[in-house]
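Below: one structure, written as structure tokens.
In my numbering, the protein residues as written are 6 to 554.
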């Protein structure tokens, strides 16, 4: 076989030349996109530098009333629009802005429309009137703090800060988002409310909480319009408002959805040796060697490990050593461990220092810890500040934060609002059906004293195919205890129904044949005591079938 020869070909085929041209175009397009990304980063850095150079003020008037375009309509149909913001840009007075300057609330603020009946609301809409660049040098950023800062550099700020913190209110849970970046601007429902047209009855007041949202850092001028009808005939009212995405009340706000801020600080880095000690302590704890784990956590914490300080503090808190827990949780908070604020609030609450507990829960909430928000709501309720508690719990429930629903129920029961509490437990907020049913069943039994209705609902929960086996097992154990308690109380018909539901639960737990047999035997006995021949026959047949198997 002859060796391969090196030859010179006629050149690339036309198809290859076309592919090369396409590849060259793709490279040029990618280079242009990369240059555009670099230009965008430079613009963002310039904007960030400008914001850092702005003065920072305490926002003395977080809520402002917005004037309507035709006040005469308001005499026939009482309506009011207010805007409330935690963060706003303050624009310096000039020929364009005007002699009073301008307050531009940040994205995510709240606009509340209040209407007094009798009136029929036909439509509520929003439209963007104008977008313009912000002035090159706004006066600064105004902010409403939720708690006093650790350090106050200017003694003149002490009074304004105290007044602002005392007047701080968490933002109301929004009903709708006003999507200012859409073309045209849209209104998106954020929770289940009655959409227009709807009627506000005489002597009634209806409120609609809107949240304007924009991601763009310019100045948006927009108009809220409400179309109404009633005794005075149809009417249209406009309110002109402002917003900007250059600052915001909630980090992470987008044009299509809203989630409360959850951006914890990065924890302080662990020294390498401390991290190893902490990992060894974690292993000791997993093995059940708690005392040795605490000593290792202590050593690691003293070497600079924030997670070790947190674990040690949490362990001491569980043991009831509140003073020791306080020391180590404070160290963890100082090392920016996200969860420490909420735990410190719980420790201070247990120690009886409600003011300090309030401060730590707020700090945890400001970092986005919704467990801290639920605990702060419970603290508000303990101080009879029920409206503030419910404002915190409404978004927490929507996010399905653990214990938010139970806490809201307790807040309502403290006010004697038993019907409202039951209604809360029937609402579908996206949690599993069995979870909602079991919570409602417990309420009916413990609060209403309605055991029969409670057992009906437990029966439905047990029949839910999505009910986890561990929850089913706990439910069966509760039914064991309830059947015995009702029998001892001579409430035999209720005991028989509890025993029937108990058998249904035990039937679905194949790993407990002894408990299932006991439930079957008890049901036969109860049916005989009640004198229910049909149930006696049914229960005896199931018992015989089980024994035969």
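No residue lacks a Cβ here, since even glycine has one placed at the ideal position from N, Cα and C. In this text the structure is predicted, and so the values were computed from the model without any measurement.
Starting from the C-beta of residue i, find all residues in its chain whose C-beta is less than 7 angstroms away, skip the five residues before and the five after it, and write them out in chain order.
i, result
"residue 533", "541"
"residue 437", "471"
"residue 75", "242"
"residue 370", "377, 378 and 381"
"residue 208", "122"
"residue 301", "282, 285, 286 and 289"
"residue 507", "481, 484, 485, 488 and 524"
If we count the other Cβ atoms within 10 Å of its Cβ and call it buried at 16 or more, is residue i buried or exposed?
i, result
"residue 546", "exposed"
"residue 518", "exposed"
"residue 6", "Confidence at residue 6 is low in this model, with a pLDDT of 35, below 50, so the placement of that residue should be treated as unreliable; the coordinate-derived value is given next. Residue 6 is exposed by the Cβ-count criterion."
"residue 552", "exposed"
"residue 291", "exposed"
"residue 428", "exposed"
"residue 420", "exposed"
"residue 210", "exposed"
"residue 217", "buried"
"residue 318", "buried"
"residue 457", "exposed"
"residue 5", "Because residue 5 is not part of the residues shown, which for the chain are 6 to 554, the question remains open."
"residue 424", "exposed"
"residue 350", "buried"
In angstroms with no decimal places, state the Cα-to-Cα distance between residue i and residue j.
i, j, result
"residue 111", "residue 314", "37 angstroms"
"residue 555", "residue 390", "Lying outside 6 to 554, the shown extent of the chain, residue 555 is not represented and no answer is given."
"residue 179", "residue 450", "34 angstroms"
"residue 538", "residue 454", "28 angstroms"
"residue 548", "residue 435", "39 angstroms"
"residue 467", "residue 422", "29 angstroms"
"residue 525", "residue 504", "8 angstroms"
"residue 36", "residue 284", "46 angstroms"
"residue 205", "residue 120", "8 angstroms"
"residue 362", "residue 347", "9 angstroms"
"residue 418", "residue 393", "16 angstroms"
"residue 544", "residue 461", "19 angstroms"
"residue 2", "residue 414", "The displayed coordinates of the chain run from 6 to 554. Any statement about residue 2 would go beyond what the structure contains."
"residue 255", "residue 398", "Here the model assigns residue 255 a pLDDT of 44, short of 50, so the residue's position is not dependable, and the following value carries that caveat. Roughly 17 angstroms separates the two Cα atoms."
"residue 39", "residue 309", "41 angstroms"
"residue 68", "residue 343", "31 angstroms"
"residue 116", "residue 96", "20 angstroms"
"residue 235", "residue 71", "23 angstroms"
"residue 464", "residue 509", "8 angstroms"
Identify every residue that forms a DSSP beta bridge with residue i.
i, result
"residue 508", "DSSP lists no partner for residue 508."
"residue 71", "86"
"residue 211", "120"
"residue 217", "183"
"residue 131", "229"
"residue 136", "225"
"residue 192", "183"
"residue 294", "DSSP lists no partner for residue 294."
"residue 246", "227"
"residue 366", "Partner(s): none; residue 366 has no beta bridge."
Residues in its own chain within less than 8 angstroms of residue i by CB, not counting five upstream and five downstream?
i, result
"residue 134", "226, 227, 228 and 245"
"residue 132", "189, 190, 227, 228 and 230"
"residue 73", "79, 84, 86, 242, 243 and 244"
"residue 28", "none"
For residue i, which residues of its own chain have a beta-carbon under 6 angstroms away from its beta-carbon, when the five flanking residues on both sides are left out?
i, result
"residue 555", "Because the chain is modelled from 6 through 554, residue 555 falls outside the range shown and cannot be assessed."
"residue 345", "315, 334, 337 and 338"
"residue 374", "347"
"residue 355", "327"
"residue 295", "none"
"residue 331", "352"
"residue 401", "375, 378, 379 and 409"
"residue 233", "82, 124, 126 and 240"
Open item on the list: Across the segment 488 to 495 and the segment 464 to 475, are there enough close Cβ pairs to call them in contact, namely three or more that are closer than 8 angstroms?
Closed with: no
Open item on the list: Assess contact between the segment 178 to 194 and the segment 211 to 226, defined as three or more Cβ pairs (one per stretch) separated by less than 8 angstroms. Is contact present?
Closed with: yes
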